[in-house]
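Numbering (my numbering), first residue to last: 53 to 282. Note that CB positions come from ideal geometry on N, CA and C, so glycine has one too. Here the structure is a predicted model, which is why all the values come from computation and not from measurement.
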Amino acid sequence: MSNINDKIRARFFELQDEKFREFSSSLCNTSNCEMIGVRTPQIRNIAKELSKENINEILKYDDIKYYEDMLIRGFLIGVSKISIEDTFRYLEEFIPRIDNWAVCDSTCASLKITKKHMDEMWKFLQKYIKSDGEYEIRFAIVMYLDYFIDDKYIKKIFNQIEQISDDRYYVKMAVAWFLATAYAKFPSDTMEFLKKTNIDNWTYNKAIQKMIESYRVSDGDKAILRKMKK
53 MSNINDKIRA RFFELQDEKF REFSSSLCNT SNCEMIGVRT PQIRNIAKEL SKENINEILK
113 YDDIKYYEDM LIRGFLIGVS KISIEDTFRY LEEFIPRIDN WAVCDSTCAS LKITKKHMDE
173 MWKFLQKYIK SDGEYEIRFA IVMYLDYFID DKYIKKIFNQ IEQISDDRYY VKMAVAWFLA
233 TAYAKFPSDT MEFLKKTNID NWTYNKAIQK MIESYRVSDG DKAILRKMKK
């Protein structure tokens with residue numbers, strides 16, 4: 053491991069919180085990595101500092117041992133002032149290595165560059181929405197959720213979701229989460245989709261549940277949604 057990455061990991065251990073590690077480990081099932089126990093805002097702040105360094109040297113994957121090793125790389129891709137082409141290049145290396153929902157979702161939230169390059173990012177995500185990888189599909193859906201729920205893309209996304217036939221938990225949860233968020237912003241379009249969709253009952257009902265739990269959905273709509281459960 054290079055010197056810069058030795059220093060990064062040393063900082064992680066300085067910030068280690070055992071109680072937080074125990075709590076987070078129970079929520080985030082990362083199959084390939086241990087967890088040190090560093091709070092996410094602290095990792096994000098370190099990434100902002102490191103974005104001024106040679107990120108090519110940091111964004112290597114020859115010694116990924118901890119959850120935090122992956123998360124800081126995701127944040128670094130998002131916060132660094134790099135071109136959209138370089139962002140895609142780094143993401144292509146990063147995305148196939150994601151093995152848990154927290155790294156996936158946190159990285160998506162950090163990719164604010166998307167707002168300036170919507171069409172390019174949409175095209176980039178198409179290979180992931182059609183992927184066989186659980187977290188590659190989830191990455192595309194969460195990116196849709198974070199940035200693409202608007203008039204231009206909403207119906208395109210509904211069409212793509214209808215084509216997903218993946219029974220893995222983190223894909224289905226992402227679809228449910230997307231639909232609940234879409235309902236809050238585009239209730240009529242989302243209701244139309246719900247009435248005719250062929251998505252599996254578990255995902256459908258989970259989406260309805262999340263809509264009912266949302267503070268952004270009116271009591272009247274919640275009453276209608278309760279009657280729509282399958």
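In the three-state reduction of the DSSP assignment, TYR118 falls in the strand class. Per DSSP, ILE216 is not a residue of any alpha helix (DSSP H), being assigned neither H nor E. Ranking TYR118, ILE129, VAL227 and SER266 by CA distance to the CA of THR249 puts VAL227 first. C-alpha of LEU277 to C-alpha of THR233: approximately 14 Å in a straight line. Annotated three-state conformation of GLU86 is strand, per DSSP. Counting along the chain, VAL155 sits inside the alpha helix (DSSP H) bounded by residues 153 to 162.
Per DSSP, LYS175 is one residue of the alpha helix (DSSP H) stretching across 170 to 181.
In the DSSP annotation of this structure, ASP202 is not part of any alpha helix (DSSP H), being labelled neither H nor E. Taking the Cα positions, THR242 is about 24 Å away from GLU188. Sequence-distant Cβ neighbours of TYR199 in its own chain, meaning closer than 6 Å and more than five residues away, are THR166.
Secondary structure note for THR139: its alpha helix (DSSP H) is the uninterrupted segment 136 to 146. The C-beta of SER76 has 16 or more other C-beta atoms within 10 Å across all chains shown, which makes the residue buried. Here DSSP, grouped into helix, strand and coil, assigns GLY126 to helix. For MET280, the secondary structure class from DSSP, reduced to helix, strand or coil, is coil. DSSP, reduced to helix, strand and coil, places GLY185 outside both helices and strands of the structure shown, so it counts as coil. The closest CA to that of ILE147, considering only ALA236, LYS133, PHE176 and GLU70, is found on PHE176. Residue burial annotation: GLU186 is buried, with at least 16 other C-beta atoms found within 10 angstroms of its C-beta. With contacts defined by Cβ atoms closer than 8 Å, LEU123 and ILE98 do not form a contacting pair. Here DSSP, grouped into helix, strand and coil, assigns VAL269 to coil. The beta carbon of ASP69 sits closer than 6 Å to the beta carbons of GLY89 from its chain, once the five residues preceding and following it are set aside; these are given in chain order. In this structure, LEU197 sits away from PHE245, with a CB-CB distance that is not shorter than 8 Å. Annotation: LYS182 to ILE216 spans about 8 Å, alpha carbon to alpha carbon. Looking at LYS208, GLU74, ASP114 and TYR256, the one whose alpha-carbon comes closest to that of ASP171 is LYS208.
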